[in-house]
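Data block below; observations after.
Residue numbers (the numbering used here): 63 to 447.
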């Protein structure tokens, strides 16, 4: 997607104060040691009491305040999620807009699986480019993964799920303060991979009709048996290289441009990223690969947006430095976004927090950065994997 200008982003993530460490998960029998080592997480945020839309509202309030943006000026509220939002036959996006006071914004729900937050930013930019009169757009995500419907350690392969809400305020550059400047977005698609999450199952009439707990592992086993993991890997690598190449070209950055400080990975398990995401990303850029998810787990639809929040509120980027943030989601879609740190005049000038009233973003204290390929840490040994 070629932008007709630059766009400002104000970013925040909200994490619950409760966390389940990997040691606690091992003691409870939620995960075995081999799987824990393959995943590489140290802890997962757990929201027992706060529903996903309320987490999104908390993050949304923060970005509206930081961006000096009255909610009444928003033109859109786009909300992406993967799992249950707290009620049936009901609109979480309208709830979020109402709670924020965004009564003139059009609320839209996005079901793009784990790439929903990234697609939300793309749609927000599309609206702003297509309608010069449109006000800023707010993109939120919110997911939590509780039993009996979702086992955060066992429902899927290659990831364990953490609970969080995120918000990204998207506006035309110069209109409002900005944490980051968005220079490019590119999305590639491999729709033939939707079968990976469906297997041989028929499309039934009832929610959870295939079992009382969502079991993504079962259709993935069928995919591996009858299609093969190499088919997925080949397509994923191709689409990731395509998204990264398109995003860099759109903003005039060479793959080895020294201003490109980080290439940020999704928040999947270490082994899954080392197989599916790190190789094509490392082939496509010279920048170190940055892993921000070891203390958060995979955040449903919010991985890319949470990584933007981490880039916005730390010292990882100096003014004029760039980062490429990569994400993917079942179906499959892959998105690469290129952002930079603006100069002091454009920034909000406030120190950001990523947890509501409860200290720091857990990802801020545990991250992995290195040259190609990405390095992650085995929590049982402390050694690179």
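Glycine included, each C-beta is placed from N, C-alpha and C at the ideal position. The model shown is predicted, which means the values in this text are computed figures rather than measured ones.
Residue state for residue 129 is assigned as coil, using DSSP reduced to three classes.
Under the criterion of beta carbons closer than 8 Å, residue 391 and residue 73 do not qualify as touching, at roughly 19 Å.
Judged by pairs of C-beta atoms under 8 Å, the segment 248-263 does not touch the segment 88-106, as fewer than three such pairs exist. Linking residue 308 to residue 180 through their CA atoms gives a straight-line distance of about 16 Å. Selection 339, 140, 85 evaluated against residue 167 yields 140 as nearest (Cα-Cα).
In this structure, the straight-line span from the alpha carbon of residue 402 to that of residue 383 is close to 5 Å.
Residue 279 counts as exposed, since fewer than 16 other C-beta atoms from the protein chains shown sit within 10 angstroms of its C-beta.
Under the DSSP assignment, residue 84 falls in the alpha helix (DSSP H) whose first and last residues are 84-90.
Taking the CA atoms as reference points, residue 274 sits about 15 Å from residue 281. Separation of the CB atoms of residue 63 and residue 184 is rounded to 6 Å, and the pair is thereby assigned contact status at 8 Å.
Shortest Cα-Cα distance from residue 196 to any of 148, 85, 135, 305 involves 135. Of all C-beta pairs linking the segment 221-237 to the segment 353-367, three or more are shorter than 8 Å, placing the two stretches in contact. Residue state for residue 187 is assigned as helix, using DSSP reduced to three classes. Of 264, 316, 249, the smallest CA-CA separation from residue 394 is found for 249. Residue 171: member of the beta strand (DSSP E) spanning 168-172, first to last residue.
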